[in-house]
Amino acid sequence: MVSICEILYVDWFNPFQNKMQGKKVSCEAIILYCMNPLPEMRFLPKNTFFLCIIPGPNKPDPDTISHILKPMVKILHKLWCGKVFHMFRYPAGMEHRVIVVPLITDLLAIRLVSGFLSHSTMMYCSWCKLTENKREGLDYMNWEMRDAEEVIEQAAKWKGHTTQAHRKRQVKAMGVCWTPLYDLPYWNPVSHLILGFMHNTLEGILEKQNSLIQRKSLLRTLWRRFIANLRN
1 MVSICEILYV
11 DWFNPFQNKM
21 QGKKVSCEAI
31 ILYCMNPLPE
41 MRFLPKNTFF
51 LCIIPGPNKP
61 DPDTISHILK
71 PMVKILHKLW
81 CGKVFHMFRY
91 PAGMEHRVIV
101 VPLITDLLAI
111 RLVSGFLSHS
121 TMMYCSWCKL
131 TENKREGLDY
141 MNWEMRDAEE
151 VIEQAAKWKG
161 HTTQAHRKRQ
171 VKAMGVCWTP
181 LYDLPYWNPV
191 SHLILGFMHN
201 TLEGILEKQN
211 SLIQRKSLLR
221 TLWRRFIANL
231 RN
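Numbering (the UniProt record's numbering), first residue to last: 1 to 232.
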C-alpha cells in the first residue's frame, strides 16, 4: 500500500490584482499539495492539484463552503479506506491511501473552512476556550484548551438542530458549527489547523513590527525638528 499525504490550502485573491483603485473582487482557490516528494519538489506545478476556484465578487459564507467541500470530502473518505489504481508499472494494480492534513491558510479562511467563528466573536479561538472579554489575559498556563472530540461533538449538536434560531444559539455558546471536514475519521479540528507563514509572519508580525519601527523613526525625526525649531 502507498500512503499519500496532502496539504489543504485555501486562499483568497483579487483577479483584477491588488490595486487600491481596482475592483474589490474576491475569488477563492482551494488547492492540494502532495507532501510525499522532497521539500524542493512539493510545490511544483506537477505536484499541485488545483481543486477549484470559488467565483466572486464576495467571499463565500459557511453554507457555500460546506456545499463545495462536501463532494471533495466524499472522495477523500473513500481514498482513506484505500483504493486500487492500475498503472503501467503495476498492471495488476496497487492500493493507495490518501490523508489530507493539515489545513493551511489565513485566519479568516481557517475559521470559515474549519467551522469556527470569526476571530472578532465571543468564542474567537480555535485552540482554547478564552472568550473575547478575557483576551488580554496572557497567563497561557491557565487557558483551557479545546478538545478535538468535544469540538466534533459540539459541531454535531449544531448540525442536529433543525431551526436557524437553535443553531444560532448553539454556535454563539460553543463557537463552532459543522463542516464536511468533520466527516473524515482522522480529522482533528484543533491540531490540524495551521496559520500560513506568509499571512501570519510576513504580512502580520513582521509587517506590524516594521510599521512600528518606521513610525518610531518618523516620530523621532519630527521631535528633533521640533526641538531644533524651538532652539532657533
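Backbone N, C-alpha and C define an ideal beta-carbon position, used for all residues, glycine too.
Using beta-carbon positions only, say whether Y182 and A155 come within less than 7 angstroms of one another.
In the sequence shown, residue 182 corresponds to position 182, counting from 1. In the sequence shown, residue 155 corresponds to position 155, counting from 1. Taking 7 angstroms as the Cβ cut-off, Y182 and A155 qualify as a contacting pair.
Could you say which of V190, I53, E153 and L76 lies nearest to C5 if we only look at CA atoms?
Indexing the sequence shown from 1 puts residue 5 at position 5. Among V190, I53, E153 and L76, the Cα nearest to that of C5 is on L76.
So within the segment 2-64, which uninterrupted alpha helix (DSSP H) runs reach at least 4 residues, ignoring any that extend past its ends?
Listed in chain order, nothing qualifies, since the segment 2-64 has no complete alpha helix (DSSP H) run of 4 or more residues.
The beta strand (DSSP E) enclosing K83, as first and last residue numbers:
Residue 83 sits at position 83 when you count from the first residue of the sequence shown. It spans K83 to F85 - the beta strand (DSSP E) in which K83 sits, taken as one unbroken run.
Touching by the beta-carbon criterion (3+ pairs, under 8 angstroms), the segment 63-76 and the segment 173-182:
With the rule of 3 Cβ pairs closer than 8 angstroms, the segment 63-76 counts as touching the segment 173-182.
When DSSP labels each residue in this structure, what does V98 get in the three-state scheme?
On the sequence shown, residue 98 is found 98 positions in, with the first residue counted as 1. DSSP, reduced to helix, strand and coil, places V98 within a strand of the structure shown.
Under the three-state reduction of DSSP, which class applies to L103: helix, strand or coil?
The residue you call residue 103 lines up with position 103 of the sequence shown. The answer is strand: DSSP assigns L103 an E or B state.
Which whole-angstrom value is the C-beta distance of M35 and R97, which I expect to be below 8 angstroms?
For this step, residue 35 is matched to residue 35 along the sequence shown. For this step, residue 97 is matched to residue 97 along the sequence shown. Contact between M35 and R97 is ruled out by a C-beta separation of about 14 angstroms, above the 8 angstroms threshold.
Can you find at least 3 beta carbon pairs, one from the segment 25-35 and one from the segment 5-15, that sit closer than 8 angstroms?
Yes: at least three Cβ pairs fall under 8 angstroms.
Under 7 angstroms between the Cβ atoms of H192 and V100?
Translated into positions along the sequence shown, residue 192 becomes position 192. Translated into positions along the sequence shown, residue 100 becomes position 100. Taking 7 angstroms as the Cβ cut-off, H192 and V100 do not qualify as a contacting pair.
Tell me the DSSP secondary structure of V176 in three-state form.
The residue you call residue 176 lines up with position 176 of the sequence shown. Residue state for V176 is assigned as strand, using DSSP reduced to three classes.
With W158 as the anchor, note down where its alpha helix (DSSP H) starts and where it stops.
As a working note, residue 158 is residue 158 in the sequence shown. Under the DSSP assignment, W158 falls in the alpha helix (DSSP H) whose first and last residues are A148 to G160.
According to the neighbour-count rule (16 or more other Cβ atoms, all chains shown, within 10 Å of its Cβ), is S120 buried or exposed?
The count along the sequence shown starts at 1 and reaches residue 120 at position 120. When all chains shown are included, S120 counts as exposed.
The beta strand (DSSP E) that contains L184, what's its start and end?
Here the question's residue 184 lines up with position 184 in the sequence shown. Note, L184: premise wrong, no beta strand (DSSP E); not H, not E.
Can you name the residues that DSSP bridges to M122?
Position 122 of the sequence shown, counted from the first residue, corresponds to residue 122. None; M122 has no bridge partner.
When the Cα atoms are used, what is the spatial distance from I110 to L103?
As a first step, residue 110 must be located in the sequence shown, where it is residue number 110. As a first step, residue 103 must be located in the sequence shown, where it is residue number 103. Distance between the alpha carbons of I110 and L103 is about 7 angstroms.
Using the Cα positions of Q170 and E40, report the straight-line distance between them to the nearest angstrom.
In the sequence shown, counting from the first residue as 1, residue 170 sits at position 170. In the sequence shown, counting from the first residue as 1, residue 40 sits at position 40. Rounded to whole angstroms, Q170 to E40 spans 44 angstroms at the Cα level.
Closest by C-alpha distance to L83, when choosing among M72, E95 and R89
Reading the sequence shown from its first residue, position 83 is the one you call residue 83. Looking at the sequence provided, one finds Lys at residue 83 rather than Leu. Nearest Cα to K83 within the set M72, E95 and R89: E95.
Going straight from the alpha carbon of K168 to that of P37, what length do you get?
Taking the sequence shown and counting its residues from 1, the one referred to as residue 168 is at position 168. Taking the sequence shown and counting its residues from 1, the one referred to as residue 37 is at position 37. Using only the alpha carbons, I get a separation of about 43 angstroms.
Contact set for L8: own chain, Cβ-Cβ below 6 angstroms, skip 5 residues either direction
What you label residue 8 is simply residue 8 of the sequence shown in a count that begins at 1. Cβ within range, chain order: V100 and L103.
Looking only at C-alpha atoms, which of V10, E153, V113 and R42 sits nearest to I30?
Start at 1 with the first residue of the sequence shown, and residue 30 comes out as number 30. The candidate whose alpha carbon is nearest that of I30 is V10.
Cα-Cα, which of C52, F50 and G175 is closest to M123?
Taking the sequence shown and counting its residues from 1, the one referred to as residue 123 is at position 123. That would be G175, whose Cα lies nearest to the Cα of M123.
By DSSP's criteria, L193 is part of a beta bridge. Which residues make up the other side?
Here the question's residue 193 lines up with position 193 in the sequence shown. Under DSSP, L193 takes part in a beta bridge, and its partners are L103.
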